[in-house]
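Residue numbers (the working numbering): 45 to 494. Glycine included, every Cβ here is placed at the ideal spot set by N, Cα and C. In this text, all values refer to a predicted model and were calculated from it rather than measured experimentally. This report refers to the structure that appears directly beneath it.
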């Protein structure tokens, strides 16, 4: 049986063992499409059963989260934590609070996290968690009660040497604060390394909230350099308007680019002003008022228009940064971007481009940075936060941002060099998958069948 047939058989087994989990299937298939070249050289990866073991989480935790809203009504949500791989270090990955969360989403994110974390060069394993709870429209007290109920179960599975969650969609500084407070109360320990994304005054790291957006732009900057280009004077489209998108916009503007469009789940706004999106206004609308993208357009004036149909990727740009959610950029969008002269796409979100879109990008002249490489800045800075917690230290913003930029440049170099080594220059998808897989697989073989 050929290597390709053996990989196909493993994937089919994964698909049958995990029915109805489309996002997880997609994430596994995307990695498998890159593995034939490395398994041809290193057949021991198949012979040692590394790949089937890698696709099965070490632990999957599902639990009930009851809480009471401000009117006294009882709600019951479902909590998840998938501890996927601890071969490189303690499980590390965010918590997502969103109505779309179910086991398949958490497993897809956890599987991706294994490889993303390996690419950072930090000693951290892969995991992910969350709940189908929706914090939108909830009061601070309701969010606090939910977080306390959530942590009253999850705490028993966490620890700075065991599993270290962070934030993700729907989980920001407010939620991390409530979660940490409950963990501290239950355990009677100020174990600062058990959660990352904490407040600066109580164990948090500078640049953490900016890190995923900044890191995506740093990675895109490295890709542009391979073409002898930069952000200076370039039009950029950034999907989303949450934490990742906002700080991607900020760094693009610092590097001389103009962000011409951003979005949320209600639509997208095109800002034709000379400077593009007004970041200060966007932050006020989204973070202070907790408003919608239409509120930004209304406050911005006649040069900003909001659309509730079509796609944000219809807006012409040189650089596209999808920073919203999975599968937001499809084949038709990819064709439009290419036709409009886009030269670089870097994923700020996790798996925002569909497989068909990724295939078209990698077969075209567009440089495509997959999320596991391009958005690894968030977890890399979480690992820096863990370092500071372990040493009871605190670093400056400038020092931490410099470390982040160095890590993203290293990830880019590692992906590019691996793609070159395996005969696919410029294929960052193959470079990211093969480089990270080899590191994880070698550690699994060294540690035995556990």
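If we count the other Cβ atoms within 10 Å of its Cβ and call it buried at 16 or more, is residue 114 buried or exposed? exposed
Residue 215 to residue 259 span [Cα, whole Å]: 19 Å
Alpha-carbon spacing of residue 341 relative to residue 357, whole angstroms: 18 Å
Using three-state DSSP, classify residue 110 as helix, strand or coil. strand
So, at 7 Å on beta carbons, what are the nonlocal neighbours of residue 138 in its own chain, with the 5 sequence-adjacent residues on each side left out? 172, 209, 210, 211, 212 and 215
Does the beta carbon of residue 414 fall short of 7 Å from some heavy atom of the ligand SAH? In the structure on display, the ligand SAH does not appear, and there are no ligands present to speak of.
Whole-angstrom Cβ separation of residue 303 and residue 329, contact assumed at under 8 Å? Not confirmed; about 15 Å, so no contact.
For a test of the three-state rule: what should DSSP assign to residue 191, helix, strand or coil? helix
Hey, could you find the ends of the alpha helix (DSSP H) residue 399 is sitting in? 399-407
Run the CB neighbour count on residue 456, radius 10 Å, all protein chains shown included, and call it buried at 16 or more, exposed below. buried
Close-in-space but distant-in-sequence residues of the same chain around residue 277 (CB under 8 Å, 5 per side omitted): 300, 301 and 302
Tell whether a beta-carbon distance below 8 Å holds between residue 420 and residue 160. yes
If contact is defined by three or more beta carbon pairs under 8 Å, each pair taking one atom from either stretch, is the segment 175-187 in contact with the segment 195-210? no
Just list the alpha helix (DSSP H) runs in the segment 364-443, keeping only unbroken ones of 4 residues or longer that don't cross its boundaries, in chain order. 375-383, 399-407, 415-418 and 421-435
Helix, strand or coil: which one does DSSP assign to residue 273? coil
Ignore the nearest five residues each way along the sequence and tell me which others in residue 157's own chain have a CB closer than 6 Å to its CB. 137, 170 and 172
C-alpha gap between residue 476 and residue 199, whole angstroms: 33 Å
Cutting at 8 Å between CB atoms, please list the residues of its own chain near residue 448, excluding the five before and the five after it. 251, 255, 258, 259, 262, 421, 424, 425 and 428
Based on DSSP bridge pairs, tell me the residues matched to residue 135. 207
Distance, Cα to Cα, residue 481 vs residue 468? 16 Å
Excluding the 5 residues flanking residue 130 on each side, which residues of the same chain have their C-beta closer than 7 Å to its C-beta? 102 and 169
Suppose contacts are defined by Cβ-Cβ distances below 8 Å. Is residue 398 in contact with residue 433 by that definition? no
So, are the CB atoms of residue 175 and residue 121 less than 8 Å apart? yes
Pair every Cβ in the segment 376-383 with every Cβ in the segment 398-415, then say whether three or more of these pairs are closer than 8 Å. yes
Taking only beta-carbon positions, decide if residue 448 is within less than 8 Å of chain C. The question asks about chain C, but that chain is absent: this structure has only one protein chain.
So, does the segment 438-445 touch the segment 58-75, judging by three or more C-beta pairs under 8 Å? no
When the Cα atoms are used, what is the spatial distance from residue 504 to residue 93? A question about residue 504 goes unanswered here, because the residues of the chain that appear run from 45 up to 494.
Drop a sphere of 10 angstroms on the beta-carbon of residue 270, count the other beta-carbons inside from all chains shown, and report buried for 16 or more, exposed for fewer. exposed
By DSSP, does residue 459 sit in helix, in strand, or in coil? helix
Minimum C-alpha distance to residue 334 - residue among 71, 272, 280 and 286: 286
Beta-carbon proximity list for residue 244, same chain, < 8 Å, skipping 5 on both sides: 250
For residue 87, which of 116, 51 and 117 has the nearest alpha-carbon? 51
DSSP state of residue 172, grouped into three classes? strand
In chain order, what residues of the same chain have a beta carbon less than 6 Å from the beta carbon of residue 400, not counting five sequence neighbours either side? 375
Could you tell me the distance, in whole angstroms, from the CA atom of residue 458 to the CA atom of residue 473? 12 Å
Pick out whichever of 365, 313 and 45 has its Cα sitting closest to the Cα of residue 353. 313
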